């Protein structure tokens, strides 16, 4: 399904300023002098040219800048909706909602699916992207007073809860063409916004934490955890974040991460599970987003700030160039989030 370094949580949202009814403004000569004690309310919105290289003429997001032949993913629209909620940009959120309904939504009887990939032949959804989109829609309704957003979120979650299960577990995806659910749960998909009735906690609770790195997924048919020889730090960070949010620490992973950061001042995009050594030489902006979030959760504020500095150094050294939208938007989510 998604070929980038998984996870999801994780995650997180935006939209613009409320358009409340008001009386007509007085003519300039009739306006009163402003009260020096009253500060104008800061208006938040996304700059008009924000990420413009990632958008086609209809506002759909392709994965790579200036590459309209690259994939159009539910991951991208969900993350952008999250960003628009955080930035309180009502107009742009409404535009993306229309794009969601026009191209991503697939209705099959009572079922309401979000296709993980549009403009290509695809017949499955992606749990983490659906959960993120639903959470952004609910937050947008709260901000902008648009009940249709929450109604759409309810339909997404109701379909997942009802049919996207296997052996009692909510799973990664559902293929509506063959009417069959996945046979696994990816642990990095189990972000904080997953509804409690999906019982994600039990999968996270039973993970063996005697090793530094977590298994990547749980096979719901065999009911066993599965791990790869090479790990993706994004997955590992998301799993650790997911566990922290249900009150579970991950001592060995935390110790390794803090030591790696103190000694190297950076994290790489892949590591060997057995040797704990880097398997590649590149870094990732999205990885630093989740690293920043994890450090904040465990109370390592100084390290969290250092991570932001390193991510900005990457931008200054290399620019945003051919950055995948997943990395591009996570960098801006991290830098614009006032809580971080």
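In the numbering used here, the protein residues as written are 1 to 340. Every residue, glycine too, gets a C-beta built ideally from N, C-alpha and C. A quick note: this is a predicted structure, and the numbers were derived from the prediction, not measured.
Taking the straight line between their C-alpha atoms, what separation do you get for residue i and residue j?
i, j, result
"residue 251", "residue 109", "47 Å"
"residue 193", "residue 170", "14 Å"
"residue 275", "residue 291", "21 Å"
"residue 299", "residue 244", "12 Å"
"residue 40", "residue 195", "Low confidence applies to residue 40: its pLDDT is 43, below 50, so where it sits in the model is not reliable enough to give any reading."
"residue 38", "residue 89", "Residue placement at residue 38 is flagged as unreliable, the pLDDT there being 44, under the threshold of 50; the coordinate-derived value follows with that caveat. When rounded, the distance between both Cα atoms is 24 Å."
"residue 113", "residue 153", "11 Å"
"residue 96", "residue 59", "7 Å"
"residue 93", "residue 260", "39 Å"
"residue 208", "residue 80", "34 Å"
"residue 221", "residue 115", "25 Å"
"residue 256", "residue 56", "42 Å"
"residue 270", "residue 328", "19 Å"
"residue 288", "residue 45", "24 Å"
"residue 181", "residue 187", "16 Å"
"residue 26", "residue 61", "With a pLDDT of only 35 at residue 26, under 50, the local geometry of the prediction cannot be trusted, and the value read off the model is given with reservation. So the alpha carbons of these two residues sit roughly 41 Å apart."
"residue 158", "residue 199", "15 Å"
"residue 98", "residue 148", "11 Å"
"residue 184", "residue 140", "31 Å"
"residue 295", "residue 337", "15 Å"
"residue 178", "residue 122", "12 Å"
"residue 314", "residue 107", "42 Å"
"residue 330", "residue 82", "10 Å"
"residue 340", "residue 132", "19 Å"
"residue 263", "residue 278", "13 Å"
Could you give the C-beta distance for residue i and residue j, rounded to a whole number, given that I count them as a contact under 8 Å?
i, j, result
"residue 266", "residue 202", "In fact, because the Cβ distance is near 35 Å, the residues do not count as touching under 8 Å."
"residue 190", "residue 242", "5 Å"
"residue 175", "residue 124", "5 Å"
"residue 226", "residue 216", "6 Å"
"residue 213", "residue 273", "5 Å"
"residue 283", "residue 268", "6 Å"
"residue 127", "residue 172", "5 Å"
"residue 64", "residue 305", "Actually they do not touch by this definition, with Cβ atoms about 30 Å apart."
"residue 85", "residue 136", "5 Å"
"residue 52", "residue 129", "At roughly 23 Å, the Cβ-Cβ gap does not stay under 8 Å, so residue 52 and residue 129 are not in contact."
"residue 303", "residue 234", "Not quite, the Cβ-Cβ distance comes to about 17 Å (not below 8 Å), so this is no contact."
"residue 160", "residue 204", "Not confirmed; about 18 Å, so no contact."
"residue 345", "residue 73", "With the chain running from 1 to 340 in the structure shown, residue 345 is simply not present."
"residue 150", "residue 162", "Actually they are not in contact, since the Cβ atoms of residue 150 and residue 162 sit about 18 Å apart, beyond 8 Å."
On the DSSP bridge assignment, give the partners of residue i in chain order.
i, result
"residue 111", "108"
"residue 278", "271"
"residue 352", "For residue 352 there is no data in the structure shown, the boundaries of the chain being 1 and 340."
"residue 315", "Paired residues: none, contrary to the question."
"residue 72", "118"
"residue 124", "175"
Quick one: is residue i buried, meaning 16 or more other Cβ sit within 10 Å of its Cβ, or exposed?
i, result
"residue 71", "buried"
"residue 102", "exposed"
"residue 281", "exposed"
"residue 67", "exposed"
"residue 78", "buried"
"residue 293", "buried"
"residue 326", "buried"
"residue 230", "exposed"
"residue 167", "exposed"
"residue 164", "buried"
"residue 47", "exposed"
"residue 307", "buried"
"residue 23", "Reliability fails at residue 23, whose pLDDT of 35 lies under 50, so the model's placement of it is uncertain and no value is given."
I'd like to know whether the C-beta of residue i is nearer than 8 Å to at least one C-beta of chain D.
i, result
"residue 256", "As a matter of chain content, chain D is missing from the structure shown, which is built from one protein chain."
Would you mind listing the beta strand (DSSP E) stretches within the region 184 to 246 that are 3+ residues and don't spill past its ends, in chain order? 184 to 186, 217 to 219, 224 to 226
What runs of the beta strand (DSSP E), each 3 residues or longer, lie entirely inside the region 140 to 191? 184 to 186
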